[in-house]
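If you're matching them up, the sequences are chains A and B in order. Our numbering puts the first residue of the first sequence at 36, with every later residue one more than the last. Our numbering puts the first residue of the second sequence at 109, with every later residue one more than the last. The beta carbon of each residue, even a glycine, is placed where N, CA and C say it ideally should be. This report refers to the structure that appears directly beneath it.
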Amino acid sequence: MPAPIDRRLLGESRVARVHLALAGLLGVLSAVLIVAQAALLAFVIDRAAMGHATLASLRTQLIALAAVLCARALAGGAFELSGRWGAVRVMSELRGRLARRLLLASPERRPTSARTGELANTAVQGVDALESYFAGYLPQLVLAAAVPLAVIAWVGALDPVTAGILALTVPLLVAFMVLVGKGANAQARGRWQALALLGAHFLDVVQGLATLRAYGREHAQERTLAEVGERYRAETMATLRVAFLSALVLELCAMIGTALVAATIGVQLVDGALGLQAGLTVLLLAPELYAPLRLVGQQFHASTDASNASELMFAALDAPVAIARSSAAGGAPAAGAVPWAGVAPWAGGASIPDPALAPVRFEKVGFEYPQRRGGVLSDVDLELEPGLITALVGPSGSGKSTLARLLMRLDDPTTGRVACAGVDLRELHPEDWRAQIAWVPQRPTLFTGTVAENIALYAPAATRAQVERAARAVGAERLIDALPGGLDTVIGDGGRRLSAGQSQRLGLARAFLAERPLLVLDEPTAHLDEPSALALADAIERLARGRTTLLIVHHPALGEIADRVHRIRDGRIAPESALTLAAGARPIAEPGEVPA
Amino acid sequence: MRRPDTRALLALALPQRGERARLALSVALAAAAAAAAIGLLATSGYLISRAAQRPPILMLMVAIVGVRAFGIARAALRYGERLASHDLALRQLARLRVRFYRGLAPLVPGALGARSGDLLSRFVADVDTLQDVYLRVVIPGFVSLLVIAGAALAASLMLPAAGLTVLAALTLAALLLPWLSSTAVARAARRQAPARARLTSELVESIDGASELALAGRSAERVGRLRRSDAVLARIARGDALAVAGAQVAGGVLAAAGVLALLLVAIPAVHAGTLGGVLLAALVFLLLAAYDSVLPLSASARALRMSATAAGRLREIALARPAVADAAAPARLSGAGALCAEGVGFRYAPGLPWTLEGTDLRIAPGEHVALTAPSGAGKSTLAELLVRFHDPDHGRVTLDGVDMRELTQRQIRGAVVLCAQDCHVFNTSIRENLLLARRDASEDELRAVLAAVELDEWAAGLPQGLETLVGRDGELMSGGQRRRLALARALLADGRFLILDEPTAHLDGELAARVMHNVQRVCDDRSLLVITHDTTALEDFDRVLSL
């Protein structure tokens, strides 16, 4: 066989197994119909040609033939339908598991933004590849198994000699397919890779056109493109000359088999050892025997495409879970999810401490990712005092965001502990602890929906007046008024797109409306210019009033609003913890000292 | 399928010189292979029927030899046809790529505007789609025509009425089936498109915002919403599958009707003696084998639709006008003047707000100027005007006192080098990425520019050094490294004016300051315009302006 059935694809989902059974049934039915068609056709031709029968005397057989032909058409349609429905079911199932996995099992371990689009695209468009797999390749595979058996059995009853020839050629054919097919597969794969590489090169050049033009190199690339195209053509043709040999061998086998059968039958007919009807039946059946075997090879690319389409999703489903699964939120746990790895199971029992009243302490906290060597954080001691703004500065990659994730229990520390009011966060259910926190990431995600719905992310039940108040509080009213529909403007991927600064303002409005005691702000002014950043600093100060705030920051203006500033470098809190971010900033209090 | 699309496709698919002979060869080989296959079955049918009359075995020798010859010929012809047609498709693809690249190059980035990233990916996919035109549309189409004509002719030689029946059956199958199936598939694509787009964007935002949803406690609700969107799509898709399967059944029934019609015409003829009994089997086998060549036309029709849509989109790009044109009789540059924007006004399209209005800027030879501006103030647009990716609507941009409209783009870009904010890093080695700026740069020069952006130690530490591949979009490097590599490339170019758009984005404060300092040192004898929103580390500049 050119390719084994992609076991993962079929084994992954129950619906595929049901589908496989159905395909098997249809395959057997089709094989029977093929034999019946040949027998009826041979009977009609024999009677008409030799017996000079009239249409009237052949009426029953002709009606039966029509019925069989139509039944074959129906079986083909059923293959198509069940294949497509199967593809839709499998894809829905995979998508559902992907959604549960990414949203409930490990909300933090998500692909990078470039991969996100690719993954989402595959999850939706991949159904096309699965359709040609389930409706094209799979039926051919089933037919390739069922039809030769049925044909050889029937021919064996009519003429054992030809059946012997056929029975001999089939294993020969299959052996050739395996022998030639193995090499041809490697070559076919090499060819697809060459084509993909060529396509990637073209895409790379096209996407870099502005850069090429800036350096006046666009004409030089024209020549390169032509050269690369010609080189790949020559290389690809060299592999194709060999790869197509497998098809040549298969067709030769099939053709010689048919010719051999025709000649054998002819000789037997002359000898009178066989009747015309039997001879015709055998002759009609011989090509039917080889057809599915050849077509399987032609559909091979469908199985490759389907594997590629599902590969990305399987990879996402197989990624290790490092985060707590929020069993309280999802009801039933996500099917197939790997048990908790990164977050210890919930011991239960502890009452929820209030971070607005009690300090949150990082005590000798270390963290490392399972697959990466080297710790991200080591020996971190840090206190978030209730009601104050604690700023964290440091170069990118120093562990600032990891620290925030530990605080939000999107990860658990490898060593040490994070505690609030002396209670280790691991003793709390992650859902309960997260319900205390409002988070404004570097680039808040805007979900497709109205501005009001987006602001009410943390408080879906909020009234219109509350939403408006939150927008005013963070200075977002001007940007909202400028939108055509005000608070009712649809934004996000499916609607109007907002700039990074505008998204950040809405993120702050979300946090304002959330009314949660602990606030985590991750570089809220990244990508913003000076005046916008200053304006946002005001809003943040208002937002932090009465809350405990962790502020991850690189902008000097924001340092001024912090009560404490800690510098982090290479996963450690720098010993000279208190420092001035910018000239003119007010002195920063020593740790433990209450600012005036 | 819109008519202009089809016309655009025709214009593109017309074989060029050198391709015509190959196309003719491919069609001839494919048609001969089909003829051999039909001949094999028809001759076998005749052979058996004749044999049943028990003639002397010698009478059968011609037929037996014919059967074997047809069998071997078909396999060999198919092999040749496959090679010829794939060779043709690869040649055509290479030609199309170069041709469309040539048409696209002057449009980027000036004439395409926003969302050009999507547009470019689309463009590449569309060009790739066109490679199917010969393999899946043109060759099968020609072959079907020849097969229908040949089969009808052969059948009419045996019995004129049968010839007409074969002609009608095959023509119906060749026209109706592809139409039915491609219509069903196109309808499915049209109906599913909105539901697919919606589900995709919901998935993207769910993955991007997974952590935020978790903190807001709304993950489970989100899973439910995705499931509902999924169910909507699945319902539409199941309906469409029914239509596609229906089209297939209709095709099968149509083929069955053809065979029955032939029997209904031929059996009375045998009875009446107008058709020899031995030819009946040959006739039926002829039709059955001819169907094998006609049925793949369904796939051809689908490919035709896709190719036509792609061709229509490509035509729009081919018809787009470049944003700038070279002067017919270019002026000469003194090589020692300033780069100036004089009262420049620019907007991306009539009716849109002005991106720049009355902007003046003068960079003297050797001068280092920093330009700061809030986001969205048109900084990057100004940079693109200064290298003439666009022409201003008002005012003028001059180099050495000459209006840029009187120069060629080669003259301008030889003197003014832009390192744009979204500068592309190519999927090749570090060395090749740098040499793009200047092919003849020496090893020492490469090392010097890498040192200026503090990538020298990093590059030296790589196992393959400068030969290290950076991956697609430089994905094997960090954002900051990518930015610095682009910067090093700009430093290597030998223009008199260097324009850097946000050169220190993605860099930390200290590193950004050091890199900026090094850049100024390396550009000691060149003019430098740095456009930035980061107001730190600008003290060494001759002038700091704000837009």
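Below 6 Å CB to CB, which residues in the same chain sit around V240 of chain A once its five sequence neighbours on both sides are set aside?
Q256
Report the neighbours of N156 of chain A on chain B: residues whose CB is nearer than 8 Å to its CB, in chain order.
T308
Let me check understanding here. Comparing Cα to Cα, which of A:V453, A:L463, A:A568 and A:D446 lies closest to S386 of chain A?
A:L463
Taking C-beta pairs closer than 8 Å, name the residues in chain B that Q175 of chain A reaches, listed in chain order.
Within 8 Å Cβ-Cβ: nothing; Q175 of chain A doesn't reach chain B, min ~14 Å.
Compute the beta-carbon to beta-carbon distance between L423 of chain A and R599 of chain A, rounded to the nearest angstrom, for a pair I have assumed lies under 8 Å.
6 Å
Let me confirm a value: G366 of chain A is counted as buried when at least 16 other C-beta atoms fall within 10 Å, else exposed. Which label applies?
Note that G366 of chain A scores a pLDDT of 33, beneath 50, so its modelled location is shaky and nothing firm can be said.
Quick check: is the beta carbon of L328 of chain A nearer than 8 Å to any beta carbon in chain B?
no
Can you give the beta carbon distance from N535 of chain B to G587 of chain B, rounded, assuming they're within the 8 Å contact cut?
The Cβ separation is near 16 Å, so there is no contact.
Determine, for V251 of chain B, whether the minimum Cβ-Cβ distance to residues of chain A falls below 8 Å.
no
Quick check on A370 of chain A: buried or exposed, where buried means 16 or more other Cβ atoms within 10 Å of its Cβ?
For A370 of chain A, the pLDDT reaches just 33, beneath the cut-off of 50, and the residue's location in the model is therefore unreliable, although a value from the coordinates is still provided. It counts as exposed.
In chain B, what lies closer than 7 Å to L352 of chain A by C-beta?
Within chain B, no residue comes near L352 of chain A; the closest Cβ sits about 13 Å away, beyond 7 Å.
Own chain residues within Cβ distance below 8 Å of D564 of chain B, not counting five before or after:
Here the set comprises R555 and L558.
Touch check for the stretch 442-450 of chain B and the stretch 499-510 of chain B: three-plus C-beta pairs under 8 Å?
Contact holds: three or more Cβ-Cβ distances are below 8 Å.
Nearest-angstrom Cβ-Cβ length linking V67 of chain A and A185 of chain A, presumed shorter than 8 Å
6 Å
To the nearest angstrom, report how far apart Y399 of chain B and Q175 of chain A are at their CA atoms.
19 Å
Taking only the alpha-carbon atoms, compute the straight-line gap between D236 of chain B and F237 of chain A and give it to the nearest angstrom.
10 Å
Could you check what DSSP says for V395 of chain A in three-state terms: helix, strand or coil?
Judged by DSSP in its simplified three-state form, V395 of chain A adopts strand.
With three or more C-beta pairs closer than 8 Å as the rule, is the stretch 533-544 of chain A touching the stretch 473-491 of chain A?
Taking one beta carbon from each stretch, the stretch 473-491 of chain A and the stretch 533-544 of chain A have 3 or more pairs nearer than 8 Å; the two touch.
Does the CB of I256 of chain B have a neighbour CB from chain A at under 8 Å?
no
If you pair each beta-carbon of the stretch 513-525 of chain B with each one of the stretch 431-444 of chain B, do three or more pairs fall below 8 Å?
Judged by Cβ distances under 8 Å, the stretch 513-525 of chain B makes contact with the stretch 431-444 of chain B, as three or more pairs qualify.
Opposing strand residues paired with R496 of chain B [DSSP bridges]
R496 of chain B pairs with nothing; no bridge assigned.
Along the alpha helix (DSSP H) that carries P348 of chain B, what are the first and last residues, could you check?
In the sequence as presented, Pro is not what sits at residue 348 of chain B; that position holds Asp. From DSSP, the alpha helix (DSSP H) with D348 of chain B extends over S327 to A380.
Please compile the residues from chain B whose C-beta is within a distance smaller than 8 Å of the C-beta of L201 of chain A.
By Cβ distance, chain B contributes nothing, its closest Cβ being about 15 Å from L201 of chain A, past 8 Å.
Identity of the residues DSSP links to W120 of chain A by a beta bridge
Its beta-bridge partners do not exist; DSSP assigns none.
Just to confirm, is the Cβ distance from E492 of chain B to P217 of chain B under 8 Å?
yes
Closer than 8 Å, CB to CB, is Q356 of chain B near chain A or not?
yes
Own chain, CB closer than 8 Å to L320 of chain A, minus 5 neighbours either side, in chain order
I69, V70, A73, V186, W189 and V190
Best match in B:L196, B:A645 and B:V170 for proximity to R125 of chain B [C-alpha to C-alpha]:
B:L196
Complete runs of the beta strand (DSSP E) confined to the stretch 603-634 of chain B [at least 3 residues]
The stretch 603-634 of chain B contains these whole beta strand (DSSP E) runs: 605-609.
Find the nearest neighbour of I608 of chain A within the set A:V428, A:L548, A:G520 and A:R119, judged by alpha-carbon distance.
Among A:V428, A:L548, A:G520 and A:R119, the Cα nearest to that of I608 of chain A is on A:V428.
So is C455 of chain A in contact with chain B if we call contact Cβ pairs under 8 Å?
no
Leaving out the 5 sequence neighbours to the left and right, which residues in its chain are closer than 8 Å to A84 of chain A when beta-carbon positions are compared?
Result list for A84 of chain A: L311, in chain order.
Host alpha helix (DSSP H) of A478 of chain B (start-end):
That residue, A478 of chain B, is in no alpha helix (DSSP H); its beta strand (DSSP E) goes H476 to T480.
Neighbouring residues, chain A, relative to P376 of chain B (Cβ below 8 Å)
T89 and L90
Cβ neighbour criterion (16 or more within 10 Å) applied to V135 of chain B
buried
Chain B beta carbons: is any one of them nearer than 8 Å to that of W691 of chain A?
Residue 691 of chain A is absent from the model: chain A starts at 36 and stops at 631.
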